[in-house]
Amino acid sequence: MANTLYNGATCRIPLRDESLAFSRHVSRSLSFLLKTRAGKQSYAFAVKASSHSDFDVDLSLSPRVNAVKPSKTVAISDHATALFQAGVPVIRLAAGEPDFDTPAPIAEAGINAIREGYTRYTPNAGTMELRQAICRKLKEENGISYTPDQVVVSNGAKQSIAQAVLAVCSPGDEVIIPAPFWVSYPEMARLADATPVILPTLISDNFLLDPKLLESKITERSRLLILCSPSNPTGSVYPKELLEEIARIVAKHPRLLVLSDEIYEHIIYAPATHTSFASLPGMWDRTLTVNGFSKAFAMTGWRLGYIAGPKHFVAACGKIQSQVCYIFYWPLS
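In UniProt numbering, the protein residues as written are 1 to 333.
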């Protein structure tokens, strides 16, 4: 047996064939005493590491994490903030954020609610009052009918999108993304162990997806098509006629779902008009609609978004959320 002392801790290690193996780091400061008792050998060791790094540590990360790149939007935004704080004049063109503060009535309502004690955990999917209000909004403004159990509120639209991708994609699935795109879409696909399939668009087409190209790229592994209208980063708005053409293609492929990112719906200029993909014939069952309050109401720091869709898919998003975080938005309810 070997009595081993690691920085003051002693343990006994059984020996086989009287052979010993030491870490190359540990052996630098190893002293030992050989004793013989009743014909049996035992070894006493005093081990002292020069630093904690002398002991081997497995630094490997998940392959999924290794496949994901850090957000370029966040990196550029952080750099711009650092320059601004250092007194350097900066025009910030990174994160999508209005150039005005949250409107006073919203800010005052939030402050009053906090003062009244609305500061505790909320239900995982969001308060009933807020989800009912979202349902009314989607019905009146977007022509889509949902019930509160078909809505999950989250810490921003970004979280809603990530949870949706994780909920519906399996390893090896394909996520179709028209370019130019928001930089997080492909990384969310990779985080789900899915493959992003980037479809180029042309400036002559206002950076809108060509339906013929879409149809040619759909395979049996295609699981999710991400549409962003109005588009981040181009600002292009998909006309209803083009969305209807895309919907007819989607309808041919039972496994293909659509994630409609509509966070910029109110930042739009005539003659363009916004159409929610889920409002098109046959698309309600196939569409996960994501929206929020950050852009239209200058509430980026409040972190409040939501997803609406068929209960089966939305409940899966809620399941993920229940293991990730609680949401704080009592003041907005």
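Even glycine gets a Cβ: it sits at the ideal position worked out from N, Cα and C.
What you are looking at is a predicted structure, and each value in this text was computed from that prediction instead of being measured.
Around the beta carbon of residue 83, fewer than 16 other beta carbons sit within 10 angstroms, so the residue counts as exposed.
Around the beta carbon of residue 65, a 10 Å sphere encloses fewer than 16 other beta carbons of the protein chains shown; the residue is thus reported as exposed. DSSP, read as helix, strand or coil, puts residue 233 in coil. Going by DSSP, residue 154 is part of the beta strand (DSSP E) stretching over 151-154. DSSP, reduced to helix, strand and coil, places residue 289 within a strand of the structure shown. Look at residue 185 here: in three-state DSSP terms it is helix.
A direct Cα-Cα distance of roughly 23 angstroms separates residue 169 from residue 146.
Contact check for residue 156 against residue 276 fails: the beta carbons are separated by 8 angstroms or more. Of the candidates 241, 224, 297, 224 places its Cα closest to the Cα of residue 171. In summary, residue 295 is buried, with 16 or more beta-carbon neighbours lying within 10 Å of its beta-carbon over all protein chains present. Its chain contains 174, 175, 176, 177, 217, 222 as the residues whose beta carbon lies nearer than 8 angstroms to that of residue 197, once the 5 sequence neighbours on both sides are disregarded; these appear in chain order. The continuous alpha helix (DSSP H) containing residue 65 extends over residues 63-67.
In its chain, beyond the 5 residues on either side, 177, 185, 259 have a beta carbon closer than 6 angstroms to the beta carbon of residue 226. The alpha-carbon separation between residue 292 and residue 213 amounts to approximately 30 angstroms.
Residue 100 counts as exposed, since fewer than 16 other C-beta atoms from the protein chains shown sit within 10 angstroms of its C-beta.
For residue 128, the number of other beta carbons within 10 angstroms of its own is below 16, and it is reported as exposed. According to DSSP, residue pairing for residue 257 in a beta bridge involves 224. The beta carbons of residue 307 and residue 152 sit about 5 angstroms from each other, so the pair counts as a contact at 8 angstroms. Excluding five sequence positions before and after residue 282, the CB atoms of its chain that fall closer than 6 angstroms to its own CB belong to 251, given in chain order.
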